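According to UniProt numbering, the residues represented by the sequence shown are 1 to 115, in order. The beta-carbon is built from N, C-alpha and C at its ideal position, and this holds for glycine as well. These numbers come from a predicted model, not from an experiment. Okay, so here's the structure we're looking at.
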Amino acid sequence: MQGMDQLSSTLSALADPTRRAIIARLAAGEATVNELAAPFDMSLPAVSKHLKVLERAGLIARGRNAQWRPCRLQAEPLKEIADWIGRYRQFWEGSFDRLDSYLDELQRNDKSNQD
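Okay, here's the thing in structure tokens:
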């Protein structure tokens, strides 16, 4: 992912459903690789590869506490996605408002044609 901007790196990392599930789990608190791997039918090395992608994207950090290596969520890149998507909210809200107006007009025309 070298050479990608942060938003692209984050979106790329979140494109995989396993990585999104890992992020969802970490939103509840720190977890070890074994704890994160438990719900998936895959090897620990495969889960570790997913974790490396998330770590490179800045979405998780791994600590060290004696033998325990907890992973934790780093939410800053998620805020950048929310801000980027938020810029398009006005467009979608305007589109839905226009659709509502059009549907109201169709219903009025339908009622007047029935009279």
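Local conformation of residue i per DSSP, three classes
{"i": "ALA24", "result": "helix"}
{"i": "ARG108", "result": "helix"}
{"i": "LEU73", "result": "strand"}
{"i": "ALA15", "result": "coil"}
Beta-carbon proximity list for residue i, same chain, < 8 Å, skipping 5 on both sides
{"i": "VAL33", "result": "LEU44, VAL47, SER48, LEU51, ARG69, CYS71"}
{"i": "THR10", "result": "ALA57, GLY58, LEU59, PRO77, LEU78, GLU80, ILE81"}
Nearest to residue i (by Cα), restricted to the options the options
{"i": "GLN6", "options": "TRP84, PHE91, GLU105", "result": "TRP84"}
Start and end residues, alpha helix (DSSP H) containing residue i
{"i": "GLN56", "result": "Sequence inspection shows Arg at residue 56; the Gln mentioned does not correspond to that position. That run of the alpha helix (DSSP H) goes 44-56."}
{"i": "ALA37", "result": "33-37"}
Cut-off 7 Å between Cβ atoms - residues of its own chain near residue i, not counting five sequence neighbours on either side
{"i": "ALA13", "result": "ARG19, VAL53, LEU54, ALA57, LEU59"}
{"i": "ALA31", "result": "ARG25, PRO70, CYS71"}
Nearest-angstrom beta carbon gap, residue j and residue i [assumed within contact, 8 Å]
{"i": "ALA15", "j": "LEU73", "result": "In fact, because the Cβ distance is near 18 Å, the residues do not count as touching under 8 Å."}
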